[in-house]
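**Student:** Residue numbers (this note's numbering), protein chains in the order written: chain A, 11 to 335; chain B, 11 to 335; chain C, 11 to 335; chain D, 25 to 127; chain E, 25 to 127; chain F, 25 to 127.
Each residue gets a CB set at the ideal place from its N, CA and C atoms; glycine is no exception.
These numbers come from a predicted model, not from an experiment.
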Ligand SMILES: Nc1ncnc2c1ncn2[C@@H]1O[C@H](COP(=O)(O)O)[C@@H](O)[C@H]1O
Ligand SMILES: Nc1ncnc2c1ncn2[C@@H]1O[C@H](COP(=O)(O)O)[C@@H](O)[C@H]1O
Ligand SMILES: Nc1ncnc2c1ncn2[C@@H]1O[C@H](COP(=O)(O)O)[C@@H](O)[C@H]1O
Ligand code: NA
Ligand code: NA
Ligand code: NA
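(1) Cutting at 8 Å between CB atoms, please list the residues of its own chain near residue 190 of chain A, excluding the five before and the five after it.
(2) Does DSSP put residue 74 of chain D in a helix, a strand or coil?
(3) Residues of the segment 14–48 of chain A in Cβ contact with chain D at a cutoff of 8 Å, in chain order, please.
(4) Mind checking whether the beta-carbon of residue 61 of chain B lies closer than 8 Å to any heavy atom of ligand 7?
(5) Give a yes or no on whether 9 Å exceeds the smallest Cβ distance from residue 82 of chain E to chain B.
(6) Quick check on residue 68 of chain F: does DSSP put it in helix, strand or coil?
(7) Could you give the distance in angstroms between the alpha-carbon of residue 101 of chain D and the alpha-carbon of residue 162 of chain A?
(8) Is there contact here, the segment 275–290 of chain C with the segment 151–166 of chain C, by at least three beta-carbon pairs under 8 Å?
(9) Determine whether the Cβ of residue 214 of chain A lies closer than 9 Å to any Cβ atom of chain B.
(10) Flag residue 104 of chain D as yes when its Cβ comes closer than 8 Å to any non-hydrogen atom of ligand 1, and as no otherwise.
(11) Please report how far the alpha carbon of residue 192 of chain C lies from the alpha carbon of residue 184 of chain C, in whole angstroms.
(12) Can you check whether the CB of residue 43 of chain A is closer than 9 Å to the CB of residue 374 of chain A?
(13) Taking only beta-carbon positions, decide if residue 77 of chain F is within less than 9 Å of chain C.
(14) List, in chain order, every chain D residue whose beta-carbon is nearer than 9 Å to that of residue 187 of chain A.
(15) Residues in the same chain with beta-carbon distance under 6 Å from residue 139 of chain A, minus the five sequence neighbours each way, listed in chain order, please.
(16) Could you compute how far the alpha carbon of residue 89 of chain C sits from the alpha carbon of residue 29 of chain B?
(17) Answer yes or no: the CB of residue 118 of chain A versus the heavy atoms of ligand 4, is any distance below 8 Å?
(18) Measure the Cβ-Cβ separation of residue 115 of chain B and residue 78 of chain B and say whether it is below 9 Å.
(19) Can you pull the chain D residues whose beta carbon is under 9 Å from the beta carbon of residue 117 of chain F, in chain order?
(20) Below 8 Å on the Cβ atoms is my guess for residue 5 of chain C versus residue 278 of chain C; work out the distance and round it to an integer in Å.
(21) Taking only beta-carbon atoms, is residue 286 of chain C less than 9 Å away from chain F?
(22) Ligand 6 heavy atoms versus the CB of residue 281 of chain C: any closer than 8 Å?
(23) Mapping the DSSP letters down to three states, classify residue 84 of chain E as helix, strand or coil.
(24) Please state whether DSSP places residue 61 of chain E in a helix, a strand or coil.
(25) Taking C-beta to C-beta, are residue 206 of chain A and residue 25 of chain C nearer than 9 Å?
(26) Can you find a CB in chain H that lies within less than 9 Å of the CB of residue 41 of chain F?
(27) Give a yes or no on whether the minimum CB-CB distance between residue 70 of chain B and chain A is below 9 Å.
(28) Tell me the rounded alpha-carbon separation between residue 112 of chain E and residue 83 of chain E.
(29) Compare the Cα-Cα distances from residue 266 of chain C to each of C/17, C/332, C/255 and report the closest residue.
(30) Using a Cβ-based criterion (distance less than 8 Å to any ligand heavy atom), does residue 62 of chain F qualify as near ligand 3?
(31) Report all residues from its chain with a CB closer than 7 Å to the CB of residue 34 of chain B; omit the five preceding and five following residues, and keep chain order.
(32) Could you check whether the segment 241–253 of chain C touches the segment 54–72 of chain C, counting it as contact only if at least three pairs of C-beta atoms, one from each stretch, sit closer than 8 Å?
(33) Please confirm if residue 89 of chain A has its CB atom under 9 Å from at least one CB of chain B.
(34) Step through the CB atoms of chain C and report whether any lies within less than 9 Å of the CB of residue 209 of chain A.
(35) So residue 218 of chain C contacts chain A; which residues on that side make the cut at Cβ distance below 7 Å?
(36) Please report the distance separating the alpha-carbon of residue 217 of chain A from that of residue 196 of chain B.
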């Protein structure tokens, strides 16, 4: 317990977290501080490329073990199942109608890659390693949740929401393609490839993450200021409870697969996190009637900060306790 | 004297200065070379974050001495007083009317953060250190000059120019918030935080500064080409004399406070420099009738290059002579 | 021969090439992965500045030998001559009319700076150096080809295509100004200047190049998907044959000038490469009737990938064989 | 100079729907259109801004299309189902064009 | 398809004045507006361009607003004091909209 | 509020031709214009997009100009040679402006 608190405290005063806090505070104070859209996208391309590449190199280094395929399957299964859990919980806890509940649920089945990145950097800080293929698991978990949520809606007799265009858009979503592509490049070029570009993708990584989180803080803060009103207490509570439930699913999967401490922790982080890029875009196409303020504010303004500050150290402590025990 | 000349010469052939010159030349030759707005903003966010953070870490390292508060007060006082001096001088030297003169004066009371950054990097080159909290002084000096200038106008019976919205915009201006925020993050995380991100905010700093100055050169050159005509000899002269006067005020303040050589030099640089981001925006809101060509061209096209090339080495030489003597 | 194959194979699985491939694949799969325009421009500014600066520093280090001027002249001559060769070949091999043929020819006389950069990074990997002033040769070869192509058209009695505005735009084109300017700054500041900014312009260079090539792959893939239909077999073949012919011209020039292995290889790469930035813009002004799909798709979608994957290792092997023999 | 009557259709629509709208427009025989960026805005569903956004979920674009007047009704009929459930605005105005044969 | 008459108000104004203008518009009962970027331009106060600019002091934006014709006068009256002393242009044109109830 | 009749000329043209067009417009006595970015589009010469582009060869911009009606013909006559051989679209529409003396 004490260990968790120390970890959480040292996590809280890292430049990464404080940059996010700065962004939130600036937005709430209505400062005109803002990161240009192009710069934010550029940083996200950098982060996805770097994290995918490093994962691939680590797979090239340690070789593929049989757990890779199983972990991918487990990730996909989690992404399919978690929205159903989330949907049920939302219908219980909040007054959201089917459409809004399904849209929110899709976000919680999918993943937030920045939460994953923050998790890996916390592992690094703690001197732990995780399976390199967890990056591929992250990519695999992005999309299935969307299908799950649309299935929940279509069960309600609300017509077909999916067509082949949307399916292609979801599968070849930019962040999935970049993450998987960089992962494969890392696998193919291995340590030799990394040596060529590590002063670009390794050394400045934490710093870029700071500025990216500053921007996420600004966007989250703006969202809270403008859309915070839609978050009734029940919904708010869901934004903190659901990650914990997700983390339990992730814990079970990670331990069942026999992953390392780091791997279990990342599986928990993925399951606990909620999408704020791929899923919102898909929801605007497929469920335009659902209110974006709800799912965006909840995912980015509540669950993301919760995971970033308290969730991640907690998941690490639990993963450490369970895998060592 | 010889020492100053050597310093000035070695300053002049640094990549930083030459990048600025390249930008000016390209703009005057009407090249289509240009830096996208988003990239320029991205670089300025990087520079503000890095300089603020490093200042904060240095305060965390050496502890807060009582001079911090006094230096902040001195900076604020300078920022209030200098516009009044500048206003008087302008009315004497140039044919500008009250409005234009007040708008220009506001710029010279406030500061140019890039001049400050160039000053710190010249100090580094000379192996000198300055008080880390000079970053906070820089932030404190941004806004008061605007109030001073608006007070000069309202004295002329020209009605109220300030409302609470504008006040908030000035105080929570993006560059102030980022500079102060990064400073506080640096204070909080200290050397440990810096270790995590120094290959992002320390190593590439000088290089980013080069490209940023290339862009500033382009903007300044374009300004000179299009708006150079508005600068009558009297105004031009002001653009070179006022920084020297400002530097004297800064010298007095710095020596009075008992700052280090580096600290005195930066206090001079701040007082000598003229804003080109925060103040122009505020002037467009509060004094829309003032001609932006005058203050922008003067600040960015005359005073900034003067400080960058000749001013800074001069201020350093004087600061060294005075603090050692 | 075996050596070439090994080189080509190791070249093919470098992160740089694979990033380009990833971009092409993503575009062909109609992924929404995209690099913002501002970020792409920012990266190209970085690459031009870095490559120019490093070339200048290397000239400052080794001194100017008499070959600099001769190499510049040779480059200019090649840029004037190659379009005429290309034009004749196109009229023979493809059914293109005079206008389209001339527009395409201009591209092949001019150069692709990214091909040049990829060539230098391949040299580095092989532990070879090239004359630093090859950067200046690259800049000198950008523009003459445009004049050549317009002369080919005007010979056909098709009226004047050139005016003083266009001439200025071509000569002071942003990429020429930046390349030459950074080269001169490098010459002036030398190793001392490089020491100040090398962790910005040397260390991350390869990594930025990866992301830049990812973007070029996306643009090339999009071009192939939308405009690939215009490339009849004869034109396609030209896109592979012409670089080989250009490389022979470059080989003759490089050997004649007595350049090092690296220098000869870069001269071949420059002659073999086709412009995709400066020339397309000039063609839109001067030859608006020419179909941009043809020259853009050919240059970026056929010749660039050919040079990047197979051409460069081939040119290096030939240059090595010839200069050693 | 001689000008010809035409219609200017401007649709402000979510970025994620852009390709669906332009597909529908091409379906309706439109010969060309341009896409303009929108930085932000406000409507019944609240305010939004593009700043700092990474995903396409929250952005909007403006698709502008100049067409011959007789194609307008077909265009609106084909485009309406795309915009119907989505937030956004469709505005049609009269304009004059040079080179009428292009539209 | 059935369309309804409305007005399109387009205001090109300095970026620093954007929120003041949109506040005034909301004051006048406007139900929505969009903000478009402007890259540069030229006018009586000279030429400007957004390229390479870091501050907001020199940029302009275009605020576009579709409104019911009867709200136009109120809008112009409320918006005019904001734009009055500032550089920029206000242009109003007729347009037709689908879904009239939105404006 | 009192408004005055004017014309709004919107030219979508290749970025490389922008300065040539605005020079011609100034030649025709235009007192001001604004340049808006265009993200992409489609026409007889195919589809294009600004994404990831480094050069200016493929981009387009929209030049918007509000002018007094009596200057329109001169503007179109002077601008036409610039746009004639180039891809792009010229559209003119009626509008009302405040502060007529500015145009
Ligand atoms: N009357 C209007 N004029 C211009 N743009 C509008 C208008 N109404 C809505 N919009 C734009 O469409 C978006 C969605 O509007 P709404 O569907 O009302 O939420 C807004 O954020 C604006 O960008
Ligand atoms: N007639 C016009 N048509 C379109 N935009 C204009 C016009 N006049 C001015 N502008 C825009 O408004 C800005 C300021 O104009 P001005 O107040 O005349 O200096 C210009 O730089 C243009 O961006
Ligand atoms: N009818 C139109 N409406 C709006 N924009 C158009 C239209 N036709 C062409 N454009 C724009 O002008 C570009 C060139 O058109 P084109 O000359 O037909 O190839 C297109 O890519 C569009 O951006
Ligand atoms: Na999840
Ligand atoms: Na000052
Ligand atoms: Na060539």
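**Tutor:** With the given structure in hand:
(1) 62, 146, 149
(2) coil
(3) 44, 45, 46, 47
(4) Of the ligands one can find in the structure shown, namely ligand 1, ligand 2, ligand 3, ligand 4, ligand 5 and ligand 6, none is ligand 7.
(5) yes
(6) coil
(7) 31 Å
(8) yes
(9) yes
(10) no
(11) 12 Å
(12) Absent from the model: residue 374 of chain A. The displayed extent of chain A is 11 to 335, so no value can be given.
(13) yes
(14) Close partners of residue 187 of chain A in chain D (Cβ separation under 9 Å) are lacking, with about 14 Å as the shortest Cβ gap.
(15) 272
(16) 29 Å
(17) Yes, the Cβ of residue 118 of chain A comes within 8 Å of a heavy atom of ligand 4.
(18) no
(19) 32, 117, 118, 119, 120
(20) Since the first residue shown for chain C is 11 and the last is 335, residue 5 of chain C is missing from the structure and cannot be characterised.
(21) yes
(22) yes
(23) strand
(24) Three-state DSSP puts residue 61 of chain E in a strand.
(25) yes
(26) Within the model displayed, chain H is absent; protein chains A, B, C, D, E and F are what it includes.
(27) no
(28) 11 Å
(29) C/332
(30) yes
(31) 227, 230, 231
(32) No: the two stretches stay apart, fewer than three of their Cβ pairs being nearer than 8 Å.
(33) Closer than 9 Å: no.
(34) yes
(35) 210
(36) 13 Å
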